[in-house]
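According to the working numbering, the sequence shown is numbered sequentially starting from 81.
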Amino acid sequence: MSVESSSLRPRHSFQTDDAALLPIATKVQAGERLSFEDGVTLYRSGDILAVGWLANSVRERLHGDVTYFNVNRHINPTNVCVASCRLCAFGRKKGDAGTYTMALEEAWDAAASGYTEAVTEFHIVGGLHPDLPFEYFMDLVRGLKVRFPKVHIKAFTMVEVAFLAKRGKMTIPETLQRMKEAGVDSMPGGGAEIFADRIRHIICDHKIDGSEWLETARQAHKIGLRSNATMLYGHVENDEDRVDHLVRLRTLQDETSGFQTFIPLAFHPDHTALSHIPRTTGMLDIRQIAVGRLMLDNFAHIKSYWQMVTPKMAQISLRFGADDIDGTVVEEKIYHDAGATTPQGLRRKDLVRLITEAGRTPFERDTMYRAVTRSEDTFTVAV
Ligand code: V47
Numbered sequence: 081m082s083v084e085s086s087s088l089r090p091r092h093s094f095q096t097d098d099a100a101l102l103p104i105a106t107k108v109q110a111g112e113r114l115s116f117e118d119g120v121t122l123y124r125s126g127d128i129l130a131v132g133w134l135a136n137s138v139r140e141r142l143h144g145d146v147t148y149f150n151v152n153r154h155i156n157p158t159n160v161c162v163a164s165c166r167l168c169a170f171g172r173k174k175g176d177a178g179t180y181t182m183a184l185e186e187a188w189d190a191a192a193s194g195y196t197e198a199v200t201e202f203h204i205v206g207g208l209h210p211d212l213p214f215e216y217f218m219d220l221v222r223g224l225k226v227r228f229p230k231v232h233i234k235a236f237t238m239v240e241v242a243f244l245a246k247r248g249k250m251t252i253p254e255t256l257q258r259m260k261e262a263g264v265d266s267m268p269g270g271g272a273e274i275f276a277d278r279i280r281h282i283i284c285d286h287k288i289d290g291s292e293w294l295e296t297a298r299q300a301h302k303i304g305l306r307s308n309a310t311m312l313y314g315h316v317e318n319d320e321d322r323v324d325h326l327v328r329l330r331t332l333q334d335e336t337s338g339f340q341t342f343i344p345l346a347f348h349p350d351h352t353a354l355s356h357i358p359r360t361t362g363m364l365d366i367r368q369i370a371v372g373r374l375m376l377d378n379f380a381h382i383k384s385y386w387q388m389v390t391p392k393m394a395q396i397s398l399r400f401g402a403d404d405i406d407g408t409v410v411e412e413k414i415y416h417d418a419g420a421t422t423p424q425g426l427r428r429k430d431l432v433r434l435i436t437e438a439g440r441t442p443f444e445r446d447t448m449y450r451a452v453t454r455s456e457d458t459f460t461v462a463v
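Take a look at the structure:
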């Protein structure tokens, strides 16, 4: 049963028991930028409904009831990784049990397998393999473009780009340019984790640091490769670390306008070196969405990734600032290795149902947020 959207829309004026939120509400309603201190106040407020109301007002100002989703497929070409990130359960050292690396034909076959609904996006990320040459990844992309010329390729995190550049003895701009020429259309937002050095040393000591992640994103945006941005929360970071992360993303976005979507990622501790940390709660998940929406005033979209927070929480978050729930995914590995209990993929009709029952209007998008119309196994993108 679908719900009349107008019956769920908050029509009343802002109300709160938390006086600290009043000046923030005034700024939000005037469309003014929030400060670092405002961000901390939002994280600490006991009135989550008021924080959510404010975030929802921004979401509705930007998008009304429209909620975006796509029909995509994840491809993780290898789980062999030289980094030993304590946050990760997916990467394995070369020679360890459970490693895999797809031959190119295998990766191309994987791209075609799964649901029959024609995908509009391949999302490709993987481990930092010590031996795979740069050309393996370029051949992978070129082969996908030949086989699926209409499908958008969103591939390689800033971390992978920096690693491939080093291995191929190229600069970051050169590496990005060659990726683009091979057929990469945009980049996912992974690997950002939390920018603060103190936290990065604990959770992902072997990765590029926060400044390098931001610089790689800057270079990508400069050559016209748009990207997403993520933030991993719910481990050892504090409120100030989260706000610092958001403000640094906002500052780069002021400069490049290259980020499309912000995606908070809930830490999944199982089978990681941080398995003693409890899983995030619904309240924390909802708050990340809301604070992200309020602080990132120059980001068009806030995504509640259903794989991470469960389809049920993703649905609730559509009233707390999110306007996107990601896609069908089909085969998710990174969070499932870390204990995710969500399905590995959802059908298009399931996503439509989640959105409709939240009283929102489903909008199938391509990666660039253009409208997609489809008939069974083919699609058209509005230009
Ligand atoms: O970079 C790794 C995170 C990211 C764990 O751009 C973990 O549209 C939780 O970035 N618990 C990869 N998170 C996924 C990602 C992503 C996902 C969906 C959409 C988009 C997009 C990007 O997953 C990694 C890391 O931050 N991650 N291990 C873990 N145990």
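Glycine is no exception: its CB is placed at the ideal position from the N, C-alpha and C atoms.
Residues bridged to residue i (per DSSP)
{"i": "LYS234", "result": "HIS203 and SER266"}
{"i": "ARG153", "result": "PHE202"}
{"i": "VAL146", "result": "THR441"}
{"i": "VAL239", "result": "Partner(s): none; VAL239 has no beta bridge."}
Span of the beta strand (DSSP E) around residue i
{"i": "VAL455", "result": "In the sequence as displayed, the identity of residue 455 is Ser instead of Val. Segment 452 to 455, the beta strand (DSSP E) holding SER455."}
{"i": "PRO391", "result": "Segment 391 to 397 is the alpha helix (DSSP H) holding PRO391; no beta strand (DSSP E) there."}
{"i": "ILE343", "result": "339 to 346"}
{"i": "ASP211", "result": "Unbroken run through ASP211: none, as it is neither H nor E."}
{"i": "PHE459", "result": "458 to 461"}
Opening and closing residue of the alpha helix (DSSP H) in which residue i lies
{"i": "GLY372", "result": "362 to 375"}
{"i": "HIS351", "result": "Premise fails: HIS351 is in no alpha helix (DSSP H) and is neither H nor E."}
{"i": "ASP189", "result": "184 to 192"}
{"i": "VAL108", "result": "102 to 110"}
{"i": "THR296", "result": "290 to 302"}
{"i": "THR331", "result": "319 to 336"}
Rounded separation between residue i and residue j - CA only
{"i": "PHE217", "j": "GLY263", "result": "11 Å"}
{"i": "GLN368", "j": "THR147", "result": "18 Å"}
{"i": "CYS168", "j": "THR181", "result": "18 Å"}
{"i": "THR331", "j": "GLY271", "result": "18 Å"}
{"i": "LYS174", "j": "ILE435", "result": "42 Å"}
{"i": "HIS315", "j": "GLY206", "result": "22 Å"}
{"i": "GLU273", "j": "VAL241", "result": "16 Å"}
{"i": "ARG227", "j": "LEU326", "result": "38 Å"}
{"i": "GLN109", "j": "HIS143", "result": "16 Å"}
{"i": "LEU184", "j": "ALA235", "result": "15 Å"}
{"i": "VAL131", "j": "MET363", "result": "12 Å"}
{"i": "THR447", "j": "THR179", "result": "30 Å"}
{"i": "GLY372", "j": "ALA105", "result": "15 Å"}
{"i": "SER291", "j": "GLU117", "result": "22 Å"}
Same chain only: Cβ atoms within 7 Å of residue i, ignoring 5 sequence neighbours per side
{"i": "GLY126", "result": "ASP98"}
{"i": "GLN257", "result": "ILE303"}
{"i": "ALA187", "result": "ILE155, PRO157 and LEU220"}
{"i": "VAL199", "result": "VAL151, ASN152, ARG153 and VAL231"}
Residues near residue i in its chain [Cβ-Cβ closer than 6 Å; skip 5 each side]
{"i": "ILE252", "result": "ALA245, THR296 and GLN299"}
{"i": "HIS348", "result": "TYR415, ALA418, GLY419 and ALA420"}
{"i": "THR96", "result": "ASP127 and ALA130"}
{"i": "ALA394", "result": "SER384, TRP386 and ILE405"}
Residues of its chain near residue i, where Cβ-Cβ distance is below 8 Å and the 5 sequence neighbours each way are ignored
{"i": "GLN341", "result": "Sequence check: residue 341 is Thr here, not Gln. Once the five neighbours on either side are set aside, the close Cβ partners of THR341 are GLY269, ASN308, ALA309, PHE379, ALA380, HIS381, ILE382, LYS383 and ASP404."}
{"i": "CYS165", "result": "GLY171, ILE283, CYS284, ASP285, HIS286 and LYS287"}
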